[in-house]
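Chains as they are written, first to last, in the numbering used here: chain A, -5 to 253; chain B, 25 to 238; chain C, 25 to 238.
The beta-carbon is built from N, C-alpha and C at its ideal position, and this holds for glycine as well.
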Amino acid sequence: MPDAPEADTPQTDTAESNSLLLDIDGFEGPLDLLLTLARQQKVDLRHVSILQLADHYLAFIDAARDLQLEIAADYLVTAAWLAYLKSRLLLPPDPTDEDAPDAEEMARRLAFQLQRLEAMRAAATRLMARDRVGRDVFVRGAPDPITVNRQTEWRATLLDLLQAYARCKTKAAYTPLHVERPKIYAMEDALRRLGVTLGTALDWTTLQAFLPEDWREPRLVRSAMASTFAASLELARDGIVSLRQSEPFGTIELRKTAP
Amino acid sequence: MSTEESLQFAPPTLDEQERMVEAMLFSSTEPLSAEAMEKRMPTGSNAAEVLRRLERHYEGRGVALIRVAGKWAFRTASDLGFLLRSEETATKKLSRAAVETLSIIAYHQPVTRAEIEEVRGVAVSRGTLDLLLDMEWIRLGRRRESPGRPVTFVTTEGFLDHFGLDSTRDLPGLDELKAAGLLDAQPKGGFAVRDAPEEDEDDDTPEDDQADLF
Amino acid sequence: MSTEESLQFAPPTLDEQERMVEAMLFSSTEPLSAEAMEKRMPTGSNAAEVLRRLERHYEGRGVALIRVAGKWAFRTASDLGFLLRSEETATKKLSRAAVETLSIIAYHQPVTRAEIEEVRGVAVSRGTLDLLLDMEWIRLGRRRESPGRPVTFVTTEGFLDHFGLDSTRDLPGLDELKAAGLLDAQPKGGFAVRDAPEEDEDDDTPEDDQADLF
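Printed below as a string of structure tokens:
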């Protein structure tokens, strides 16, 4: 472990740590803070002293505690982890504990993370410094966009046409059967008509005579006859008319009852 | 940007100025005047002069430097416009409503919308007729000399072309449709189909022929 | 269009083809592929060949023909940016978190959110990823075939276009980072103490994986 020998205990550069403290909100988490601390070693990150880094970090957290600054939990978790790592790096490996993680490996892992983060930051800077569209280079301002003239060609064959026509004709042949309701001469109509025309029937008059003109054809006369007959019965009941029939199925006659 | 700084002292070369004008015109959303460009260029530049150089440089190329309303702009060479247009033709099957409507117009022309609806038994949408008119398969015929003077529809030359017909007389009659197995049921009595719509029905009294049809 | 018609018979001359490619590229803001252009050109044309001629023709001019994302585009020469920059076109400054996240995605792609967080040491906010997705600089890649099947993020063609990169292989410093093992999930040699992402596909040649993603 190259770090161990020159690792000195909490350095006197706490002044620098304190200046960082003012900035605690400026760090994006413990790794960001660790990277900043590691850079203070002013060495290539590949040779960073993890032991020294752990000390700086712990000192930083202690100072923050003294100032009663609120420290996010992940900073404390990292502090505990670094304290453990530090003790493991300083103590000789315990041969009885085979499960204990290799401290050197842990340190190597942390160093790698720091290097990787720094590498990504450097890459980001290089990327952002490239000639960028809209900042350094510009696209055509007045493009002449390709106009796609979409046309729909409708497809229909003569057979489609003939089938369609045949379909229309077939449909016509199967038009639903409408059963026409026969015309009915309503009894109300018969009553009204009798009421109006009764004045003319001071003498016996056949029922037929009271049928409306347009209801006398054979197809309609039955309905008109039935309604007029029913209406006359109604009037007879009320004592308005008298009815007589000389023989079964004979002519029915009616006359206004004398007042 | 060292270019920019050095230009503070001596005017850029004509080549440099030409590059600047070229870049400005390329990236501008609208035509630029020589004055407007010169204002942005280092002092001592002469935009008008390099515009003439640039115009010559683009002569005969795929892009031309042109003057519009006293300003300058790059435009695609006019003979290459075809590269920027593309025709995309999609073939779509004509809807059932459209084919039926078309067939009724073909067989009964000239025919009014109301008459088409009577044959189809359903309303004919404006869109269907518009589509057929748009395709130039049907056109408006003479107005019917009946109340409301409704317009009639007739088929066009384009229609005959598309369906490979010499005339509408070539449309098979109902008996032929039946013989071809296209028509199963008996046509409704009294609804005669004219085997051959007359060619010039628009000119003579079409109503007479139609009278017994509708 | 007589030019177009005559071209049906013999392929156009290289000069003619160069004019066509020039016109198409000039009129487009988006990079165009040689294949796409050739499709619009008369048969027998060879876009790739004239692209090289065109590239030479524009060398040192105010407008340059550049390769981005495997396609071609005209862009103003980068040293003339000062002339063309205006208040409105000023690019919005991205937050440090966004810039770092973008770089990690670019260099490590395809990469999961957890892996980005592992590199940065902090949680990646939803807003940061949303912003980058919204700018269309990143998009979702294939799901990682590991527990939970997390989505991965990859960069887009728009990203390559914006940064003037022909492919993700051309990212600055990519080879050195790879050689230093800094694009790996864990330090070279030895085992990881902490649970490293179990998948090791980003260990080997992330660019190759991209081939079929783009």
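query: Does DSSP put A/E22 in a helix, a strand or coil?
result: Judged by DSSP in its simplified three-state form, A/E22 adopts coil rather than helix or strand.
- prompt: Going along the chain, which residues of the region 186 to 199 of chain C sit with their C-beta nearer than 9 Å to a C-beta in chain A?
  reply: So the list reads H186, F187, G188, L189, L195, P196, G197 and L198, given in the order they occur along the chain.
query: Since A/P24 contacts A/Y78 with CB under 8 Å, what's their CB separation in whole angstroms?
result: With a Cβ gap of about 14 Å, A/P24 and A/Y78 do not count as contacting.
query: So which of C/E141, C/L206 and C/R77 has the shortest CA-CA distance to A/A113?
result: For A/A113, the closest of C/E141, C/L206 and C/R77 by C-alpha to C-alpha distance is C/L206.
query: If you run the structure through DSSP and keep just helix, strand and coil, what is C/Q234?
result: With a pLDDT of only 37 at C/Q234, under 50, the local geometry of the prediction cannot be trusted, and the value read off the model is given with reservation. DSSP places C/Q234 in helix when its eight states are reduced to three.
message: So for C/Q41, helix, strand or coil by DSSP?
response: In the structure shown, C/Q41 sits in a helix (DSSP, three-state: H, G or I).
message: Buried or exposed, going by whether 16 or more other CB atoms sit within 10 Å of the CB of C/F215?
response: Interpretation of C/F215 is limited by its pLDDT of 41, a score under 50 that renders its predicted location unreliable; the figure taken from the coordinates is listed afterwards. Counting other Cβ atoms within 10 Å of its Cβ, C/F215 stays below 16 and is therefore classed as exposed.
- prompt: Within this structure, are the beta carbons of C/S52 and A/P137 separated by less than 7 Å?
  reply: Contact: yes.
Assigned exposure category for B/T97 - 16 Cβ within 10 Å defines buried: Contrary to the premise, residue 97 of chain B reads as Ala rather than Thr in this sequence. Counting of Cβ neighbours within 10 angstroms places B/A97 among the buried residues, the total reaching 16 or more.
query: Within 10 angstroms of its Cβ, does A/H41 collect 16 or more other Cβ (buried), or is it exposed?
result: Exposed, because fewer than 16 other Cβ atoms sit within 10 Å of the Cβ of A/H41.
query: Are any of the Cβ atoms in chain B nearer than 7 Å to that of A/F204?
result: Under the 7 Å criterion on CB atoms, A/F204 is classed as non-interfacial with respect to chain B.
- request: State yes or no: is the beta carbon of A/D49 nearer than 7 Å to at least one beta carbon in chain B?
  value: Chain B, which has no Cβ nearer than 7 Å to the Cβ of A/D49, makes this no.
- prompt: From the DSSP output, which residues share a beta bridge with C/L107?
  reply: DSSP, once it has assigned bridges, lists no residue as partnering C/L107.
query: Quick one: does A/I140 have its CB under 7 Å from some CB of chain B?
result: Using beta-carbon distances, A/I140 counts as an interface residue toward chain B, with a partner under 7 Å.
query: At a cut-off of 6 Å, is A/E22 close to the ligand GTP when judged by its beta-carbon and the heavy atoms of the ligand?
result: Among the components modelled here there is no ligand, and therefore nothing to report on the ligand GTP.
message: Going by DSSP in three states, B/P35 sits in which element: helix, strand or coil?
response: B/P35: coil per DSSP, three-state reduction.
- prompt: Secondary structure at A/Q145, three-state DSSP: helix, strand or coil?
  reply: For A/Q145, the three-state secondary structure derived from DSSP is strand.
- request: Under 7 Å Cβ to Cβ from C/G188, same chain only, skipping five residues before and after it: list those, please.
  value: I90 and V92, listed in sequence order.
- prompt: Taking the alpha-carbon positions, what's the A/T199 to A/L214 distance?
  reply: One C-alpha to the other measures close to 21 Å.
- request: For B/V123, name the three-state secondary structure that DSSP assigns.
  value: It is helical.
- request: Write down the C-beta distance between A/A299 and A/I44 rounded to the nearest angstrom, noting that I regard them as a contact closer than 8 Å.
  value: As displayed, chain A neither begins before -5 nor continues past 253, which places residue 299 of chain A out of reach and without an answer.
query: Under a three-way DSSP split, which group does A/E247 fall into?
result: Of the three classes helix, strand and coil, the one that applies to A/E247 here is strand, per DSSP.
- request: Label C/R120 either buried or exposed according to how many other C-beta atoms from any shown protein chain fall within 10 Å of its C-beta, with 16 as the threshold for buried.
  value: The residue in question, C/R120, is exposed, as its Cβ has fewer than 16 Cβ neighbours within 10 Å.
query: Could you give the distance in angstroms between the alpha-carbon of C/R64 and the alpha-carbon of C/L104?
result: Spanning the two alpha carbons is a distance of roughly 32 Å.
Proximal residues of chain A, C-beta to C-beta of B/V123 below 7 Å: Chain A residues near B/V123: A150, D154, L155 and A158.
- prompt: Sorted by chain position, which residues of the same chain lie with C-beta nearer than 8 Å to A/L227's C-beta, five sequence neighbours on each side aside?
  reply: By the criterion of a C-beta distance shorter than 8 Å, A/L227 is surrounded in its chain by L237, once the five residues flanking it on both sides are discounted.
query: Cα separation between A/F243 and A/V190?
result: Their Cα atoms are separated by approximately 27 Å.
task: Figure out for me which residue from B/E83, B/H81, B/R80 and B/M44 has the closest Cα to the Cα of B/P66.
output: Of B/E83, B/H81, B/R80 and B/M44, the residue nearest in Cα terms is B/M44.
- prompt: Is the beta carbon of C/R173 sitting closer than 7 Å to the one on C/T136?
  reply: No, the Cβ-Cβ distance between C/R173 and C/T136 is not below 7 Å.
- prompt: For B/M159, which of helix, strand or coil comes out of DSSP?
  reply: B/M159 carries a coil assignment under DSSP once its states are collapsed to helix, strand and coil.
Cβ-based contacts, 8 Å cut-off: residues of the region 57 to 78 of chain B near chain C: Residues of the region 57 to 78 of chain B whose Cβ lies closer than 8 Å to any Cβ of chain C, in chain order: R64 and M65.
- prompt: Quick one, which of C/S127, C/R99, C/H132 and C/K202 has its alpha-carbon nearest A/G128's?
  reply: Nearest of C/S127, C/R99, C/H132 and C/K202 to A/G128, Cα basis: C/R99.
Three-way DSSP call (helix, strand, coil) for B/T229 in this model: Residue confidence is low: B/T229 scores 36 on pLDDT, short of 50, so the model does not pin down where it sits. Its coordinate-derived value is still stated next. DSSP places B/T229 in coil when its eight states are reduced to three.
- prompt: B/I128 versus chain A: which residues are under 9 Å apart at the beta carbon?
  reply: Residues of chain A with a Cβ closer than 9 Å to the Cβ of B/I128 are, in chain order, A158, Y159 and C162.
- prompt: At least one CB of chain A closer than 7 Å to the CB of C/P211: is that the case?
  reply: Yes, C/P211 counts as interfacial toward chain A.
field: Close-in-space but distant-in-sequence residues of the same chain around A/F223 (CB under 8 Å, 5 per side omitted)
entry: Cβ neighbours of A/F223 beyond the five flanking positions: L201 and I246.
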